[in-house]
Amino acid sequence: MTAPAAVFLDRDGTLIEEVGYLDRPERVQLYPWTVDAIRALNRAGLRTVMVTNQSGVARGFFTEAVVMRVHERIAQLLAAGGAHLDAYYYCPHHPDGKVPEYATACECRKPGRALVDRAVAEFGIDPAASYAVGDRWFDVSLARTVGATGILVRTGYGADEEHRPPAGVAADAVVNNLAEAASWLLIDRDRRAR
Ligand SMILES: [Mg+2]
Ligand SMILES: [Zn+2]
3 MTAPAAVFLD RDGTLIEEVG YLDRPERVQL YPWTVDAIRA LNRAGLRTVM VTNQSGVARG
63 FFTEAVVMRV HERIAQLLAA GGAHLDAYYY CPHHPDGKVP EYATACECRK PGRALVDRAV
123 AEFGIDPAAS YAVGDRWFDV SLARTVGATG ILVRTGYGAD EEHRPPAGVA ADAVVNNLAE
183 AASWLLIDRD RRAR
């Protein structure tokens with residue numbers, strides 16, 4: 003039996019188009035392959051967990067209510083294609099924030115691990131059997147920190163990030179987009195199960 007596992011999915015530049023600080027649900031745009039990729043992960047029995055840094059809350063650009071409306075919009079668009087995410091976790095903090103209640107050096111801002119730990123507690127998943135997918139090196143660092151497998155996608159900031167790896171951080175795979183990440187990790191998971 004394979005261990006219960008999750009895919010920790012970055013939001014901006016990974017699931018949806020990177021548009022800077024996303025302050026309105028109407029600006030949500032899934033990539034053309036997002037629904038199919040998530041459905042494939044759903045069908046494989048993997049937990050799909052969004053983990054996103056939303057420092058725009060701490061910076062006063064938008065409220066948590068807006069973040070939640072954006073996530074409802076994403077959920078609607080996924081549901082229309084028969085796909086779903088099991089959880090939508092976000093960090094609203096930033097140490098340099100302008101909104102006092104969010105201006106903190108927290109444990110949940112990636113590459114901090116608090117949101118992954120929350121998923122472990124909530125879903126009983128095994129981080130070592132899990133994956134993190136994102137367009138920034140801190141998404142890969144998060145995978146390293148929790149003992150998961152880290153995949154960098156070239157969408158969003160990923161194509162630029164690929165050429166500027168921070169010292170000591172390497173991805174397990176660098177792929178063009180979420181569709182390729184889903185294929186890669188499903189094959190990897192199958193190989194490990196043998
Ligand atoms: Mg991103
Ligand atoms: Zn936080």
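If you're matching positions, the sequence shown starts at 3 in this note's numbering and goes up one per residue.
We put the beta carbon where it would ideally sit given N, CA and C, even for glycine.
- Taking 8 Å as the cut-off, the Cβ atoms of P27 and V59 do not count as close.
- Bridge pairing for N55: C93 [DSSP].
- Burial state of Q78 is exposed, judged by a 10 Å Cβ sphere holding fewer than 16 other Cβ atoms.
- Here N179 is buried, its C-beta having at least 16 other C-beta atoms within 10 Å.
- Residue pairing from DSSP places I18 in a beta bridge opposite D14, L32.
- For G136, the uninterrupted beta strand (DSSP E) run begins and ends at 133-136, by DSSP.
- T147 carries a helical assignment under DSSP once its states are collapsed to helix, strand and coil.
- Residue state for G99 is assigned as coil, using DSSP reduced to three classes.
- Cβ contact annotation for G158 (same chain, cutoff 7 Å, sequence separation greater than five): D14, G15, T16, E20, D137, in chain order.
- In terms of side-chain proximity, the C-beta atom of T16 is found nearer than 7 Å to a non-hydrogen atom of ligand 1.
- The C-beta separation of V101 from G47 comes to about 39 Å, leaving the pair out of contact by the 8 Å criterion.
- The stretch 102-115 and the stretch 68-77 do not touch, with fewer than 3 CB-CB distances between them shorter than 8 Å.
- Assignment of A172 by DSSP, reduced to helix, strand and coil, places it in the coil class.
- Taking the CA atoms as reference points, P113 sits about 21 Å from L187.
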